[in-house]
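Letter by letter, the sequence shown follows residues 0 to 237 in numbering that gives the first Met the number 0.
Idealized CB from N, CA, C, for every residue including glycine.
Okay, so here's the structure we're looking at.
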Amino acid sequence: MSECCGVNAQDKEQRTLLWTVLGLNGAMFFVEFIAGWIGQSSGLMADSLDMLADAMVYLVGLYAVGKAIEYKAKAALFNGSLQLLLAGFILFDVLMRIINGSQPQTAVMLWVSLLALGVNLFCFVLLSRYRAGDINMRASWICSRNDMVANVGVIVSAGLVVWLDSAIPDLVIGGIIALVIVQSSWKIVAEAKDILTSNPEVASRTIDNPNEGPPSQKEQGAKKQSSSCCGSYTHSNK
């Protein structure tokens with residue numbers, strides 16, 4: 000019973016954490032997207048979409064908490080595919096700004112990026128304890144780490160825009176952020192595919208008990224006698 004309740008407590012803790020970082024990233028997506036649009040910054044636009052991708056990672060991670068490893072892998076596969084799609088959108092935005100021209104507002108870039116960096120640092124610290132956990136929690140940690148790199152890149156590019164009096168640094172950082180998203184999301188997709196194809200019994204195991212095989216007939220019978228994990232033990236032993 001204690002092991003079962005411990006797993007439930009861990010799942011609850013993960014859900015609370017994911018809701019927290021989901022809310023923060025969702026809010027910063029709107030802040031950065033609007034600021035990037037008004038400030039004509041490709042870097043901020045790219046970083047805002049990176050925030051949106053992270054919010055989706057956390058949302059799908061919430062779905063995957065406590066589920067069999069197969070569902071976790073499928074959730075991660077969806078996440079990675081979505082990020083690849085968003086990276087394509089970022090590259091398209093950079094291309095359009097190269098063709099049509101832009102004049103980034105460096106003050107907007109700087110202050111909004113500093114705010115985003117603070118938010119991502121906070122999320123990174125919260126998620127650090129799960130960096131060696133299951134695929135979705137690990138993906139969440141990787142996203143926060145990449146976001147901080149992107150924030151620093153936008154801050155540096157803002158300084159270069161002023162120094163060089165050119166929009167090129169902003170366009171470059173937008174493209175770099177897109178490539179970082181491609182690299183990290185491709186790793187997530189590859190790992191998820193590896194999990195789904197490497198073991199035919201993966202659907203019957205949970206990430207919390209990776210060595211556990213399919214339930215026996217005795218275990219299935221015991222499961223039918225109860226409706227909840229922790230409460231059923233007490234009920235069956237009255």
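Within the same chain, Cβ atoms closer than 6 Å to the Cβ of Gln104 are found at Gly38, the five residues on either side in sequence being excluded.
Within the model, the alpha-carbon separation for Ser40 versus Phe91 is close to 14 Å. Nearest in C-alpha terms to Glu190, of all of Ser80, Arg14, Ala166, is Ser80. Under the three-state reduction of DSSP, Ala166 is assigned to coil, being neither helix nor strand. Taking the C-beta atoms as reference points, Pro168 is found no nearer than 8 Å to Ser184. Sequence-distant partners of Gly174 (beyond 5 residues in either direction) whose C-beta falls short of 6 Å from its own C-beta, in its chain, are Val93. In the DSSP secondary-structure assignment, Ala54 is not bridged to any residue. Here Trp162 is exposed: its Cβ has fewer than 16 other Cβ atoms, across all protein chains shown, within 10 Å. Rounded to the nearest angstrom, the gap between the Cα atoms of Gly35 and Ser197 is 42 Å.
Contact annotation, Val56 with Ser127: C-beta distance approximately 16 Å; criterion of less than 8 Å not satisfied. Per the coordinates, the alpha-carbon of Leu85 lies some 17 Å from the alpha-carbon of Arg96. Distance between Val20 and Cys122, taken at the CA atoms: about 6 Å. Judged by beta-carbon spacing, Met147 lies within the 8 Å limit of Leu120, meaning their Cβ atoms are closer than that value. Contact annotation: Ala45 and Ile176 have beta-carbon atoms nearer than 8 Å. A check of alpha carbon separations from Ile89 across Gly42, Cys142, Gly60 identifies Gly42 as the nearest. Classified as exposed, Glu12 has fewer than 16 neighbouring CB atoms from the shown chains inside 10 Å of its CB.
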